[in-house]
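Residue numbers (the working numbering): 168 to 675. Every residue gets a Cβ at the ideal spot worked out from N, C-alpha and C, and that includes glycine. Note that the structure is a prediction, hence the values are computed from the model and not measured.
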């Protein structure tokens, strides 16, 4: 790639950072690192009515947690700042006025009621084109119908106005997208979007184009929802005479609900029990609290890995676990899918598990000890390390380590009814009594010796292993779960194991 790669993640501070926004930031970051370019954070806060306090800080903290280091921003600095649109307000007026002067935009004075009347009229007439554009603008209150003199008087009187882009009446556009190829658009059915309002604030469309140009953005990588805006953005670049420096565009596919039917939303996460935000978020307006992936126990590296594979594939490999460095080296926009990607909460747990499994048991033991301490139980590092080695392959999160191991420290007082119905038969109590009498004579209570001797006893008595070991596990743990049963017996020790079995026979 000959030109310098400069990409931006440009969120609006209107709430918590959704998974779709996270993936957009990640793909921009990976593309920049792949090509030795710059990753820029720009805050697009032109719509002050939707501004949410704390949202900007949340976005920055989320990117930090994921591990996306920013090259340019208001915090990091950079030669193209400021990087917040509300601090660039003075820049946009001249560009809006330039478009009017050059005949590519016009002043419009329609009131909200008049715009609503227009919409209702078009609906009633079942018009084929129902927007403020080439087919309707000459029936509205604007510079094109008033003329320049009346427009000047309206502006001098302080009448509220907007500046609208003057969409070409009938032009067939052929646009390019790195992911989707050629895109065709007919300007006759597009609307004259508002670019600038009389309060001095630009809309997204104008500010976005001006900022991308001034910041020398080389590639615009953004969500599929912006695809309908591509014709307007192209025409704005053309109107300004910036087509030679216009960035290349890539529109990312949607992240779909787990069933594949529609775009993933926060409601889906609430309904199905998984987070859609990276970090804990408390909405300052509603007071609603949402747990994030960090609070659920995801490692940031696992979260990054799973997000990278939502809509992108590495090519000719079945590999699924990647370091950030590997992703940076492998990432290409050509391998981003056009179709939406189904969100799979269970597969996400699998990703986290893979990262947990490679951690040393000593590292996992720290999480184990924290969990035990919260329940008022002190556990040595040595014992915690040993148990983590036994149970970690049954856990998805570090907080599962203690939850899956409490029976090592607390004898069961209740027994799982499903397992009881399945494994506790009429002859089981007598069988358990015979087995426990045999165990009392075993001197070496190591897992290896227990396996050898108890297995031999089962075979000598012509019993099935399931008939003996499943009810024994139920008595030891309260449910049929846990690691190899002989590892459990060794860790509990002879006295505690026999006590649990004898007590359980009476209780169950």
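task: Look at residue 663 and residue 578 and say whether their C-beta atoms are less than 9 Å apart.
output: yes
field: beta strand (DSSP E) segments (min. 3 residues) lying fully within the region 343-372
entry: 348-353, 361-364
query: Is the Cβ of residue 560 closer than 9 Å to any Cβ of chain C?
result: In the structure shown, chain C does not exist; there is a single protein chain.
- prompt: Mind checking whether residue 230 and residue 208 have CB atoms under 9 Å apart?
  reply: yes
query: Can you round the beta-carbon distance between residue 235 and residue 289 to whole angstroms, since I take them to be within the 8 Å contact cut?
result: Not quite, the Cβ-Cβ distance comes to about 45 Å (not below 8 Å), so this is no contact.
Three-way DSSP call (helix, strand, coil) for residue 263 in this model: helix
- request: Look at residue 423 and residue 433 and say whether their C-beta atoms are less than 9 Å apart.
  value: no
task: Report the partner residues of residue 419 according to the DSSP bridge assignment.
output: 390
task: With a 10 Å radius around its C-beta and 16 neighbouring C-beta atoms as the bar for buried, classify residue 277 as buried or exposed.
output: buried
message: To the nearest angstrom, how far is the alpha carbon of residue 356 from that of residue 418?
response: 22 Å
- prompt: Would you say residue 579 touches the ligand NAP, meaning its beta carbon is less than 8 Å from a heavy atom?
  reply: Only the bare structure without any ligand can be found here, which leaves the ligand NAP out of the picture.
message: My output table needs one value for residue 341: the three-state DSSP class, helix, strand or coil.
response: strand
task: Using a threshold of 9 Å, state whether the C-beta atoms of residue 259 and residue 352 are closer than that.
output: no
- prompt: Can the beta-carbon of residue 655 be found less than 9 Å from the beta-carbon of residue 644?
  reply: yes
message: If contacts are defined as beta-carbon pairs under 8 Å, then residue 447 and residue 462 qualify, I think. What distance do you get, rounded to the angstrom?
response: 5 Å
message: Rounded to whole angstroms, what is the Cα-Cα separation between residue 566 and residue 488?
response: 22 Å
task: Given a cut-off of 9 Å, decide if residue 307 and residue 272 are closer than it, judged by their beta-carbon atoms.
output: no
Element boundaries [beta strand (DSSP E), containing residue 273]: 272-275
message: I need the boundaries of the beta strand (DSSP E) containing residue 568, first residue and last residue.
response: Counting along the chain, residue 568 falls outside any beta strand (DSSP E), though it belongs to the alpha helix (DSSP H) covering 565-570.
message: Looking at residue 427: is its Cβ nearer than 9 Å to the Cβ of residue 509?
response: yes
query: Near residue 539, which residues of its chain fall below 6 Å by C-beta distance, leaving aside the five closest residues on each side in sequence?
result: 546, 569
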